[in-house]
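Beneath this line is the structure, given in structure tokens, with notes to follow.
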Amino acid sequence: MVTVSLGKALSVIPYPKVQLDKLPSTLKPDDANKTYQPKLDRIRRSQYPYLRELTYLDHAGTTLYPLLSLRNTVQLLSGSCMGNPHSISQCSQTSTHIVQEARNVVYSLLDADPDEYDVIFVSNASQGVKLVVEGFKDTFEDFDYVYSIDSHTSLIGPRTVAKHFKCFKDPYSVVEEYSLEMPQRPVLVSWTGQSNFTGERFPISQYNVLFKSISSKVYTLLDAASLSTSKPPSLRSFNSLARPDFVVLSLYKVLGYPDIGALVCKKSAGSYVFSGKKYFSGGTVEQVALYSDYAKRNLELHSILEEGTLPIHTLAALVSSYKAFLSLYGSFFNISDHVSYIAGEAYAQMSNLVHNNGVSLVRFYGSETYGDSNLHGPIIAFNLFDSSGEPIGYYKVEKAAFKNNICLRVGAMCNYGGLMQHLGSKDAQILNEAQVCNFTCGDENDIVDDVEKRHRGVVRISFGAMTSEKDIQILIRMLSEFISIS
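With UniProt numbering, letter number 351 in the sequence shown gets 351, and the count goes up by one each step, no holes.
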């Protein structure tokens with residue numbers, strides 16, 4: 001039997017031990033954006049052969065994996081013997097080392113201090129949110145839950161187990177409400193770093209300081225799933241008070257592969273919130289009595305919360321994929337610059353689409369600050385209107401996109417706050433459409449005809465590291481089919 005040392009196996013994909021902002025900007029576009037595109041064309045030809053006949057514009061759902069990620073993963077797995085990481089055997093220690101390298105990927109991606117934060121692997125961001133809420137439910141008799149109107153559905157679900165809940169649009173309203181009566185029980189406040197509906201970005205440090213000023217009973221949860229696709233937050237750049245207690249993200253949205261997520265948890269907050277955790281399983285306890293309820297829990301947070309054996313081969317793929325992305329694109333600063341440029345170009349060209357009578361074809365939703373990565377991410381939410389100003393159903397747009405091999409998204413985006421703010425939907429209307437009309441998100445019932453016709457959702461396009469200017473040209477050509485020349 002041939003054995004390969006751990007050092008040799010991991011040397012296949014040397015892990016970068018530097019911070020992202022210290023990496024050379026090898027693919028950083030210049031002011032005229034003339035240097036990035038030729039390199040991207042070569043990357044697309046060699047790394048994304050499946051895009052030759054496709055135009056992919058749904059990176060907010062998940063970005064795409066390069067072939068280098070797969071090659072690196074196969075090379076690592078074929079050169080390593082990975083065993084269950086619960087012993088001191090060579091194969092077990094190989095897995096243990098790779099698991100730690102996978103945690104280091106998340107620390108590096110979010111620029112988080114390992115002394116302050118712990119990384120807990122979960123299936124996706126939604127599972128990370130659920131884990132936090134289960135901690136609150138196990139540890140506290142009651143708690144309040146507060147969430148932003150721009151939240152993904154996964155951030156709304158926790159209200160079902162809270163004593164009281166509040167949805168906010170203005171974060172200062174939360175402070176004002178609790179200033180009238182200080183919270184008597186713990187409060188979990190959540191918000192998203194970037195709307196998955198419009199791409200608008202929201203402050204992290206400012207919001208965190210604001211919410212923490214309410215009371216020492218307040219804990220903060222940042223949904224970084226949408227934001228991290230192109231501009232992961234740098235937690236170390238904030239002071240301690242400005243850093244969220246909990247951060248969740250889905251790594252497949254960032255790297256394309258593998259399908260795994262992470263909960264990044266402040267050790268100080270997690271040790272208290274999860275202190276009442278009831279359920280345990282293999283890997284989360286050191287000793288268990290059979291005829292009494294004694295169980296000695298592990299000390300580290302991730303050892304308490306990661307139940308059973310971790311998906312070790314998936315974590316090997318995570319290390320490989322992160323290395324591949326940095327090898328191809330240099331840094332996430334480069335990716336952020338590129339997608340901001342692409343979003344700005346798409347917005348400019350879509351804005352120029354008008355009917356023969358001068359009526360605009362496209363209506364955008366959210367702040368139109370495309371190109372400014374501090375205010376807006378690489379997402380555009382829009383709908384089409386005919387020459388008389390009547391809405392064109394998004395289902396028609398989706399069918400036209402399918403015909404032209406364009407992958408995009410239509411519907412509510414699991415973001416009903418987006419519908420309310422930008423399309424005028426009300427709770428009662430959403431309830432009626434679901435229970436009486438039996439409408440579902442993204443189906444062909446895309447126009448509501450009540451007082452006046454309105455869309456029930458939007459068309460969403462979103463961009464990633466490998467999105468090209470040609471992709472935008474193909475999109476514009478498809479949208480132009482809806483222009484009336486009469």
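In this text, a Cβ means the ideal position worked out from N, Cα and C, and glycines have one as well.
(request) Output the boundary residues of the beta strand (DSSP E) element that contains Gly261. (result) In the sequence shown, the residue the question calls residue 261 occupies position 261. 261-266 is the span of the beta strand (DSSP E), which, as asked, contains Gly261.
(message) What residue range does the beta strand (DSSP E) around Gly457 cover?
(response) Position 457 of the sequence shown holds residue 457. Gly457 -> no beta strand (DSSP E), and no H or E assigned at all.
(request) To the nearest angstrom, report how far apart Leu54 and Cys407 are at their CA atoms. (result) Reading the sequence shown from its first residue, position 54 is the one you call residue 54. Reading the sequence shown from its first residue, position 407 is the one you call residue 407. Each residue's Cα considered, the two are about 7 Å apart.
(message) To the nearest angstrom, how far is the alpha carbon of Leu375 from that of Glu200?
(response) Stepping through the sequence shown from its first residue, residue 375 is reached at position 375. Stepping through the sequence shown from its first residue, residue 200 is reached at position 200. Distance between the alpha carbons of Leu375 and Glu200 is about 6 Å.
(request) Would you list the residues sitting across from Glu200 in a DSSP beta bridge? (result) Along the sequence shown, one-based indexing puts residue 200 at 200. DSSP output for Glu200 lists His376 as bridge partner(s).
(request) Can you give me the start and stop residues for the alpha helix (DSSP H) that Lys137 sits inside? (result) Start at 1 with the first residue of the sequence shown, and residue 137 comes out as number 137. Residues 125-139.
(request) Look at the Cβ atom of Ile379, then the Cβ atom of Ala125, and state whether they are nearer than 7 Å. (result) Sequence index remark: in the sequence shown, residue 379 carries index 379 (1-based). Sequence index remark: in the sequence shown, residue 125 carries index 125 (1-based). Cβ atoms of Ile379 and Ala125: not closer than 7 Å.
(message) Contact defined as beta carbons within less than 8 Å: I believe Ile204 pairs with Pro244. What is the distance between those atoms, to the nearest angstrom?
(response) Residue mapping note: residue 204 aligns to position 204 of the sequence shown, counting from 1. Residue mapping note: residue 244 aligns to position 244 of the sequence shown, counting from 1. 7 Å between Cβ atoms; contact.
(message) One question on the structure: do Ile342 and Ala465 come within less than 7 Å of each other, judged by their Cβ atoms?
(response) As a working mapping, residue 342 is identified with position 342 in the sequence shown. As a working mapping, residue 465 is identified with position 465 in the sequence shown. In this structure, Ala465 does not lie closer than 7 Å to Ile342 by Cβ.
(message) Assuming contact is defined by CB atoms lying nearer than 7 Å, are Ser321 and Leu255 in contact in what I supplied?
(response) For this step, residue 321 is matched to residue 321 along the sequence shown. For this step, residue 255 is matched to residue 255 along the sequence shown. Result yes, Cβ atoms of Ser321 and Leu255 sit closer than 7 Å.
(request) Could you pull the start and end residues of the alpha helix (DSSP H) that Tyr341 belongs to? (result) Within the sequence shown, the letter at position 341 stands for residue 341. First-last of the alpha helix (DSSP H) with Tyr341: 332-351.
(message) I need the straight-line Cα distance from Ser190 to Thr220, nearest angstrom please.
(response) For the purposes of this step, residue 190 is taken as residue 190 along the sequence shown, with counting starting at 1. For the purposes of this step, residue 220 is taken as residue 220 along the sequence shown, with counting starting at 1. Ser190 and Thr220: Cα-Cα distance of roughly 6 Å.
(message) Quick check: the Cα distance between Lys130 and Ile156, rounded to an integer number of angstroms?
(response) On the sequence shown, residue 130 is found 130 positions in, with the first residue counted as 1. On the sequence shown, residue 156 is found 156 positions in, with the first residue counted as 1. Between Lys130 and Ile156, the C-alpha separation is close to 11 Å.
(message) If contacts are defined as beta-carbon pairs under 8 Å, then Val99 and Ile312 qualify, I think. What distance do you get, rounded to the angstrom?
(response) Indexing the sequence shown from 1 puts residue 99 at position 99. Indexing the sequence shown from 1 puts residue 312 at position 312. So it is a contact: roughly 6 Å between Cβ atoms.
(message) Assuming Thr96 is part of the alpha helix (DSSP H), what are its boundary residues?
(response) Translated into positions along the sequence shown, residue 96 becomes position 96. That run of the alpha helix (DSSP H) goes 90-109.
(request) Please specify which runs of the alpha helix (DSSP H), each continuous and at least 4 residues long, are wholly inside the segment 383-412, giving them in chain order. (result) 394-403
(request) For the segment 272-301, list the beta strand (DSSP E) runs that are entirely contained and at least 3 residues long, ordered along the chain. (result) 285-288, 295-297
(request) Any chance you could list the beta strand (DSSP E) runs of at least 3 consecutive residues sitting entirely within the segment 133-186, in chain order? (result) 144-148, 164-168
(request) Consult DSSP for Tyr56 and reduce its assignment to one of helix, strand or coil. (result) The residue given as residue 56 occupies position 56 in the sequence shown. Looking at Tyr56 - three-state DSSP - the assignment turns out to be strand.
(request) Could you tell me which residues DSSP pairs with Val319 in its beta bridges? (result) Taking the first residue of the sequence shown as position 1, residue 319 is located at position 319. According to DSSP, which records beta bridges pairwise, Val319 is partnered with nothing at all.
(request) Report the three-state DSSP secondary structure of Ser215 (helix, strand or coil). (result) In the sequence shown, counting from the first residue as 1, residue 215 sits at position 215. Coil.
(message) Buried or exposed for Ala316, going by 16 or more other Cβ atoms inside 10 Å?
(response) Within the sequence shown, residue 316 is the residue found at index 316, counting from 1. When all chains shown are included, Ala316 counts as buried.
(request) Just the C-alpha distance for Phe165 and Tyr145, rounded to the nearest angstrom, thanks. (result) Position 165 of the sequence shown, counting from 1, holds the residue named residue 165. Position 145 of the sequence shown, counting from 1, holds the residue named residue 145. Between Phe165 and Tyr145, the C-alpha separation is close to 5 Å.
(request) Would you mind sorting Lys163 into buried or exposed? The rule is 16 or more other CB atoms within 10 Å of its CB. (result) As a working note, residue 163 is residue 163 in the sequence shown. Classification for Lys163: exposed.
(request) Name the residue from Val459, Ile472, Phe482 whose alpha carbon lies nearest to the alpha carbon of Phe197. (result) Along the sequence shown, read from residue 1 onward, the residue named residue 197 stands at position 197. Phe197 has its Cα closest to that of Val459, out of Val459, Ile472, Phe482.
(message) Here's the rule I'm using: 16 or more other beta-carbon atoms within 10 Å means buried, otherwise exposed. How should Ser228 be labelled?
(response) Within the sequence shown, numbered from 1, the residue matching residue 228 stands at position 228. Ser228 should be labelled buried.
(request) State the DSSP-derived secondary structure class of Thr314, mapped to helix, strand or coil. (result) Against the sequence shown, residue 314 aligns to sequence position 314. In the structure shown, Thr314 sits in a helix (DSSP, three-state: H, G or I).
(message) Am I right that Asp118 and Leu301 are in contact with their C-beta atoms under 8 Å? What's the rounded C-beta distance?
(response) Here residue 118 refers to the residue found at position 118 of the sequence shown. Here residue 301 refers to the residue found at position 301 of the sequence shown. Rounded, the Cβ-Cβ distance is 4 Å, consistent with contact.
(request) Indicate the three-state DSSP secondary structure (helix, strand or coil) for Val359 in the structure shown. (result) As a first step, residue 359 must be located in the sequence shown, where it is residue number 359. Coil, per DSSP.
(message) Quick check on Ile120: does DSSP put it in helix, strand or coil?
(response) In the sequence shown, residue 120 corresponds to position 120, counting from 1. DSSP places Ile120 in strand when its eight states are reduced to three.
(message) For Arg44, tell me which candidate among Pro66, Ala225, Ala295 has the shortest Cα-Cα distance.
(response) Numbered from its first residue, the sequence shown carries residue 44 at position 44. The shortest Cα separation from Arg44 among Pro66, Ala225, Ala295 belongs to Pro66.
(request) Mark Gly418 as exposed unless 16 or more other C-beta atoms lie within 10 angstroms of its C-beta, in which case mark it buried. (result) Along the sequence shown, one-based indexing puts residue 418 at 418. Answer is buried; the Cβ neighbour count reaches 16.
(message) According to DSSP, Asp446 sits in a beta bridge with which residue or residues?
(response) As a working mapping, residue 446 is identified with position 446 in the sequence shown. Answer is none; Asp446 lacks a bridge partner.
(request) Enumerate in chain order the residues of its own chain whose CB-to-CB distance from Thr96 is below 6 Å, with the five nearest sequence positions on each side excluded. (result) As a working note, residue 96 is residue 96 in the sequence shown. Around Thr96: Pro85.
(request) Give me the Cα-Cα distance between Glu176 and Ala269, rounded to the nearest whole angstrom. (result) Sequence index remark: in the sequence shown, residue 176 carries index 176 (1-based). Sequence index remark: in the sequence shown, residue 269 carries index 269 (1-based). Rounded to the nearest angstrom, the two C-alpha atoms are 24 Å apart.
(message) Quick check on the burial criterion: 16 or more other C-beta atoms within 10 angstroms. Buried or exposed for Arg103?
(response) The residue labelled residue 103 in the question sits at position 103 within the sequence shown. Buried.
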